[in-house]
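Chemist:
Below, the structure is given as structure tokens:
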């Protein structure tokens, strides 16, 4: 940059020396960890470039490029590419606020009938990897299931409700909701870190 001098050579004697420093152990980590580290690396690289620390800037830019290739070439990246973009909330807390709805105040028979439709919608969202919608619907189904099972009407006609709700739906809903919660937590955190890095 004008008015500034380049920092003296202090790391290596050739590009070969610098290239040996580019790779580092966290490149063996999970793709999501590498991606999080890469957002910090590029900021450090830009800082070194502005300070005309050419050796450090070169190492960091090359390290970022390596990390970018590792992430883009991973199975986790390809899987994430097929997931529907985040569009409903910024956290699981936002999604949990949408779980309850007015029909949960209805009679148990109405709730049970609605629940059978809800879990089909949840399964459909899960198949197309709309994680936020699937999570909300599975959690809504679990809530409706508990409301029905805890009602006086259920105790009076247990066979009817058990036949209607089935025996596998609640386990599937809870298993998928737990899986989705872990994925969404990681995705929300990544988005938050991306936004912070842009503001830095």
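Numbering (the UniProt record's numbering), first residue to last: 1 to 200.
Think of the CB as a built atom: it goes at the ideal place given N, C-alpha and C, for glycine as much as any other residue.
Among 183, 174, 33, 18, whose alpha-carbon lies nearest the alpha-carbon of residue 70?
Modeler: 33
Chemist: Taking contact to mean 3 or more Cβ pairs, one atom from each stretch, closer than 8 Å, check whether the region 155-163 and the region 172-188 are in contact.
Modeler: no
Chemist: Shortest alpha-carbon distance to residue 154 belongs to which of 134, 46, 108, 121?
Modeler: For residue 154, the nearest C-alpha among the options comes from 108.
Chemist: So the alpha helix (DSSP H) residue 119 belongs to, where does it begin and stop?
Modeler: Residue 119 -> alpha helix (DSSP H) spans 108-127.
Chemist: Could you pull the start and end residues of the alpha helix (DSSP H) that residue 161 belongs to?
Modeler: 158-165
Chemist: Report buried or exposed for residue 120, applying the criterion of at least 16 other Cβ atoms within 10 angstroms of its Cβ.
Modeler: Looking at its Cβ environment, which holds fewer than 16 other Cβ atoms inside 10 Å, residue 120 is exposed.
Chemist: By alpha-carbon positions, which one of 147, 36, 177 ends up nearest to residue 106?
Modeler: 147
Chemist: For residue 17, name the three-state secondary structure that DSSP assigns.
Modeler: helix
Chemist: By alpha-carbon positions, which one of 23, 19, 74, 133 ends up nearest to residue 212?
Modeler: In this structure the chain extends from 1 to 200, so residue 212 is not present and cannot be described.
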